[in-house]
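Participant:
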Amino acid sequence: MGQSRAAGNQYENLLNRRFHADRPNSKWATDIFYIHTKQGVQYLSMIWELYDNSIVAYKTSTKQNINLVLDTIRLVMRKEKKRAAAELQIHSDQGFQYTWQAYFDLTKYGIILSMSRRGNGYDNAMAMYLPPQTRHSLRSQRTD
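Quick note on numbering: the sequence shown equals residues 114 to 257 in our numbering.
1. Is residue 145 closer than 7 Å to residue 158 when the C-beta atoms are compared?
2. Cutting at 8 Å between CB atoms, please list the residues of its own chain near residue 193, excluding the five before and the five after it.
3. Assign residue 167 to one of two classes, buried (16 or more other C-beta atoms within 10 Å of its C-beta) or exposed (fewer than that).
4. Taking the CB atoms as reference points, tell me whether residue 160 and residue 143 lie closer together than 7 Å.
5. Counting only runs that start and end within the stretch 172 to 200, where is the alpha helix (DSSP H) found for 4 or more residues in a row?
6. Name the two residues that bound the continuous beta strand (DSSP E) containing residue 209.
7. Could you check whether residue 210 and residue 182 sit closer than 7 Å to each other, using their CB atoms as the reference points?
8. Since residue 228 and residue 126 are thought to touch, with beta carbons under 8 Å apart, how far apart are those beta carbons, to the nearest angstrom?
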């Protein structure tokens, strides 16, 4: 997958605040959180399964970049044993991590990308909430 930045590209808001799926592995939401730890800032990339509102994958890093996003997606794909994710929709905001060509290349594998409208946090509300106990637990962990 290419690593170049795709200037100005975005995808339609297909999720449109419908934070539920009728079947597993059909709609996921993703976001990145900043967590301040004793070792410094830690970035947490998470993916939610909108069928049952579970967290299906997460990865932490000291670097916030496209590799963190793609590594998290690869992690859940291996876990779900899905080589090609036909008709899987992944929803994100328009953060810089989600505007790289390597992210857009996921469509080559049958993944349908959906993005929040610019500056509208409610469009990605499901993925923007990190429970306090999770945040507290991560503060005490070391980063990679």
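Virtual Cβ for every residue (Gly too), placed ideally from N, Cα, C.
Facilitator: In short:
1. Numbered from its first residue, the sequence shown carries residue 158 at position 45. Numbered from its first residue, the sequence shown carries residue 145 at position 32. Yes, the Cβ-Cβ distance between residue 158 and residue 145 is below 7 Å.
2. Mapped onto the sequence shown, residue 193 falls at position 80. Cβ neighbours of residue 193 beyond the five flanking positions: 138 and 169.
3. Taking the first residue of the sequence shown as 1, we reach residue 167 at position 54. Exposed, by the Cβ-count rule.
4. As a position in the sequence shown, residue 160 is number 47, starting the count at 1. As a position in the sequence shown, residue 143 is number 30, starting the count at 1. Cβ atoms of residue 160 and residue 143: closer than 7 Å.
5. 179 to 192
6. For this step, residue 209 is matched to residue 96 along the sequence shown. From DSSP, residue 209 is part of no beta strand (DSSP E); its letter is neither H nor E.
7. Here residue 182 is taken as the residue at index 69 of the sequence shown, counted from 1. Here residue 210 is taken as the residue at index 97 of the sequence shown, counted from 1. Cβ atoms of residue 182 and residue 210: closer than 7 Å.
8. Within the sequence shown, the letter at position 115 stands for residue 228. Within the sequence shown, the letter at position 13 stands for residue 126. Confirmed, Cβ separation roughly 6 Å.
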